[in-house]
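Sequence order for the protein chains is G and F. Residue numbering for the first sequence follows the numbering used here, starting at 70 and increasing by one per position. Residue numbering for the second sequence follows the numbering used here, starting at 198 and increasing by one per position.
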Amino acid sequence: MKKFMLDLNVKQNVSLSNQYALIILSSPNKLPEMLPGQFAEVRVDGSSTVFLRRAISIHFVDYQINELCLLIQVVGEGTKSLAELKSGDNLNLILPLGNSYSLPSSKNAKLLLIGGGCGVAPLLYLGSYLKNKGFEVNFLLGARSKTDLLQLCEYERFGNVFTTTEDGSYGEVGYVTDHSVLKGSNFDFIYTCGPTPMMKAVASYAAITKTNCEVSLENTMACGIGACLCCVTETTEGHLCVCTEGPVFNITKLKW
Amino acid sequence: MVNLKVNIGNLQLKNPVMTASGTFGYGTEYSDFIDISRIGGIIVKGTTLRERQGNPYPRMAETPSGMLNAVGLQNKGIEYFINHIYPTVKSIDTNILVNLSGSTLEEYVIAAEMLNQLDKIPGIELNISCPNVKEGGMAFGTSCLSAAQIVREVRMVYKNHLMVKLSPNVTDISEIALAVEAEGADSVSLINTLFGMAINAEKRKPILSTITGGLSGPAIKPIALRMVWQVAQSVNIPVIGLGGIMNAADAIEFMLAGASAIQIGTANFIDPTVTIKIIDGIEEYINRHGFKSVSEIIGALEK
């Protein structure tokens, strides 16, 4: 897919809590096609300590009105600057980058999209994409607490939503892998994104139940286009760049 | 129309802007963003005789105005380059140079002989300055004796342009430059990354899997500029300047300090179109200052 460097306009920057922000970007021109699981390299200007771009998942795209949404968790100076962007600011992005989640082979496949914390970000676009293709979508979204469960009503537009919180303030208590939905039914395909320990637990569940499973990695990277070779992960084929060979990997390819 | 052409010994560049090894892949990674044939020269990813997996992740740490890397020369080896990369890149209408590295003297020589057979590769950049490999690399480039020996042996088998990339992690970089010039190097490029380190205080752990790595980006520019100036005053062969160049003004500073051409490295990661912006910016500068040719500003620093 052809990659672009674009200046998009910040239409709205919604603070979802002191830790999360939803950045709604608009483009005067037609947005390029993006696939679920792909990401953008976002330039952070105006910070004296941030030098490199930040890799951010495509959270949602609306081609009708040419809007792109990014879901940001403030973890350092770069994401803090992004969370402070004002309506009307310009944001420079390189996109679409990386591969994408793959489509199930059967239309009747039972799908589960498991997200943890801010890792739910790419699953909204994936859910909408799968629903448009005629699949039935189930989300299992986990977080520390109720305030960390983001945009639930958005996910409900595209499928069934199951939730867990570690403190029991919403949904079932515990981790996503403790949820009863995993005990009752057999899924054909699990897509996941979230903290590495969570994804490893999901991958191990998938391996035991022999379920097809794709995970999305977020190794720190510099270029995002396969030039610097900084973001590699160990795979059955040796070191592969997360930015070009990923970020989505089938668990059978990873040395987890 | 000003003349942007420069000659680096027998190597003719359409403009003085090259890309630094390890920051531009094989060039094609950037072809969605720019016409890569506009660049004066592309130096491809560090290549070794045999395939290397490189160092474990994490290999990169962002630092103030720069970054540390410890990639460790991950590449598929010289045969893979010849069979799978060369057929694609040989048709790009610019100078494609191969950055060559090795763990032993013998590896450098065998690989250089193989590259000597490639018609459309007008030169190699001999990497004797990689700080991220256990054997070879920087070890060759930090003593005059070993730097001279490796250039002497490679020179015997390699007939095209031989550029030698120098390490800044030495007491006197001019001595190394003089040593490789004496053995027949056609040009020197400097500087490779500075040996550095980053720590995560919260975790009380080093950030890089290798603990240490190579620092690049604008943080190192003043050091690079000083070294280019020193070396340009010492040697008679052309000097290619690099280290933290982010824009046309930086590039011009290196040329005023004595560089005949420059390389863009880390800046490619921030802006994949930066090479073209720098070429256009140099042209604008040459015009605005009333020069006819870019070669007039090489070493034109006034005191």
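Cβ coordinates follow ideal geometry from the N, Cα and C atoms, glycine included. Just so it is clear, the structure is predicted and the values come from calculations on it, not from any experiment.
Residue span of the beta strand (DSSP E) that contains residue i, given as start and end
{"i": "residue 427(F)", "result": "Element bounds for residue 427(F): not the beta strand (DSSP E) but the alpha helix (DSSP H), 418–431."}
{"i": "residue 181(G)", "result": "180–185"}
{"i": "residue 436(F)", "result": "436–438"}
{"i": "residue 131(G)", "result": "129–131"}
{"i": "residue 485(F)", "result": "Counting along the chain, residue 485(F) falls outside any beta strand (DSSP E), though it belongs to the alpha helix (DSSP H) covering 471–485."}
{"i": "residue 206(F)", "result": "Unbroken run through residue 206(F): none, as it is neither H nor E."}
{"i": "residue 393(F)", "result": "391–394"}
{"i": "residue 250(G)", "result": "Unbroken run through residue 250(G) is the alpha helix (DSSP H), 250–253; no beta strand (DSSP E)."}
{"i": "residue 465(F)", "result": "Counting along the chain, residue 465(F) falls outside any beta strand (DSSP E), though it belongs to the alpha helix (DSSP H) covering 464–467."}
{"i": "residue 214(F)", "result": "214–216"}
{"i": "residue 110(G)", "result": "108–111"}
{"i": "residue 409(F)", "result": "409–413"}
{"i": "residue 244(F)", "result": "238–244"}
CB contact flag (residue i, residue j, <7 Å)
{"i": "residue 162(G)", "j": "residue 109(G)", "result": "yes"}
{"i": "residue 298(F)", "j": "residue 243(F)", "result": "yes"}
{"i": "residue 246(F)", "j": "residue 275(F)", "result": "yes"}
{"i": "residue 412(F)", "j": "residue 263(F)", "result": "yes"}
{"i": "residue 223(F)", "j": "residue 469(F)", "result": "no"}
{"i": "residue 183(G)", "j": "residue 245(G)", "result": "yes"}
{"i": "residue 73(G)", "j": "residue 105(G)", "result": "no"}
{"i": "residue 214(F)", "j": "residue 476(F)", "result": "yes"}
{"i": "residue 241(G)", "j": "residue 213(G)", "result": "no"}
{"i": "residue 269(F)", "j": "residue 199(F)", "result": "no"}
{"i": "residue 261(G)", "j": "residue 230(G)", "result": "no"}
{"i": "residue 338(F)", "j": "residue 344(F)", "result": "yes"}
{"i": "residue 89(G)", "j": "residue 142(G)", "result": "yes"}
{"i": "residue 311(G)", "j": "residue 300(G)", "result": "yes"}
{"i": "residue 446(F)", "j": "residue 425(F)", "result": "no"}
{"i": "residue 388(F)", "j": "residue 419(F)", "result": "no"}
{"i": "residue 251(F)", "j": "residue 300(F)", "result": "no"}
{"i": "residue 71(G)", "j": "residue 316(F)", "result": "no"}
Supposed contact pair residue j and residue i - C-beta distance, whole angstroms, cut 8 Å
{"i": "residue 466(F)", "j": "residue 292(G)", "result": "4 Å"}
{"i": "residue 441(F)", "j": "residue 416(F)", "result": "7 Å"}
{"i": "residue 351(F)", "j": "residue 305(F)", "result": "6 Å"}
{"i": "residue 374(F)", "j": "residue 363(F)", "result": "6 Å"}
{"i": "residue 227(G)", "j": "residue 203(G)", "result": "Incorrect: roughly 12 Å between the Cβ atoms, too far for contact."}
{"i": "residue 471(F)", "j": "residue 456(F)", "result": "The Cβ separation is near 17 Å, so there is no contact."}
{"i": "residue 494(F)", "j": "residue 452(F)", "result": "5 Å"}
{"i": "residue 256(G)", "j": "residue 180(G)", "result": "7 Å"}
{"i": "residue 233(G)", "j": "residue 247(G)", "result": "6 Å"}
{"i": "residue 322(F)", "j": "residue 296(F)", "result": "5 Å"}
Cα-Cα separation between residue i and residue j, rounded to whole angstroms
{"i": "residue 139(G)", "j": "residue 128(G)", "result": "5 Å"}
{"i": "residue 361(F)", "j": "residue 296(G)", "result": "22 Å"}
{"i": "residue 99(G)", "j": "residue 189(G)", "result": "26 Å"}
{"i": "residue 185(G)", "j": "residue 270(G)", "result": "12 Å"}
{"i": "residue 216(G)", "j": "residue 87(G)", "result": "10 Å"}
{"i": "residue 371(F)", "j": "residue 379(F)", "result": "12 Å"}
{"i": "residue 281(G)", "j": "residue 317(G)", "result": "13 Å"}
{"i": "residue 249(F)", "j": "residue 307(G)", "result": "10 Å"}
{"i": "residue 97(G)", "j": "residue 328(F)", "result": "46 Å"}
{"i": "residue 449(F)", "j": "residue 324(F)", "result": "25 Å"}
{"i": "residue 168(G)", "j": "residue 225(G)", "result": "26 Å"}
{"i": "residue 219(G)", "j": "residue 144(G)", "result": "16 Å"}
{"i": "residue 258(G)", "j": "residue 250(G)", "result": "14 Å"}
{"i": "residue 303(G)", "j": "residue 149(G)", "result": "30 Å"}
{"i": "residue 463(F)", "j": "residue 121(G)", "result": "9 Å"}
{"i": "residue 396(F)", "j": "residue 254(G)", "result": "46 Å"}
{"i": "residue 267(G)", "j": "residue 258(F)", "result": "24 Å"}
{"i": "residue 159(G)", "j": "residue 187(G)", "result": "23 Å"}
{"i": "residue 326(F)", "j": "residue 170(G)", "result": "40 Å"}
{"i": "residue 281(F)", "j": "residue 308(F)", "result": "16 Å"}
{"i": "residue 382(F)", "j": "residue 266(F)", "result": "27 Å"}
{"i": "residue 147(G)", "j": "residue 119(G)", "result": "6 Å"}
{"i": "residue 433(F)", "j": "residue 377(F)", "result": "11 Å"}
{"i": "residue 206(G)", "j": "residue 231(F)", "result": "40 Å"}
{"i": "residue 78(G)", "j": "residue 275(G)", "result": "40 Å"}
{"i": "residue 348(F)", "j": "residue 310(F)", "result": "13 Å"}
Residue i: first and last residue of the uninterrupted alpha helix (DSSP H) it sits in
{"i": "residue 263(G)", "result": "From DSSP, residue 263(G) is part of no alpha helix (DSSP H); its letter is neither H nor E."}
{"i": "residue 149(G)", "result": "146–152"}
{"i": "residue 499(F)", "result": "Residue 499(F) -> no alpha helix (DSSP H), and no H or E assigned at all."}
{"i": "residue 172(G)", "result": "Here residue 172(G) belongs to no alpha helix (DSSP H), and DSSP marks it neither H nor E."}
{"i": "residue 446(F)", "result": "445–453"}
{"i": "residue 372(F)", "result": "370–379"}
Proximity test, residue i beta-carbon vs the ligand FMN heavy atom, cut-off 6 Å
{"i": "residue 133(G)", "result": "Among the components modelled here there is no ligand, and therefore nothing to report on the ligand FMN."}
Which runs of the beta strand (DSSP E), 3 residues or longer, sit entirely within the segment 333–364 of chain F?
The segment 333–364 of chain F is shown to contain whole beta strand (DSSP E) runs of 3 or more residues at 358–362, in chain order.
Which complete beta strand (DSSP E) runs does the segment 193–241 of chain G hold, if anything under 3 residues is left out?
206–212, 229–234
Please list the segments of the alpha helix (DSSP H) lying wholly inside the segment 265–312 of chain F, counting only runs of 4 or more residues, in order along the chain.
283–286, 302–312
Considering only residues of the segment 73–106 of chain G, which uninterrupted beta strand (DSSP E) runs meet the minimum length of 3 residues and lie entirely inside it, listed in chain order?
73–84, 89–95
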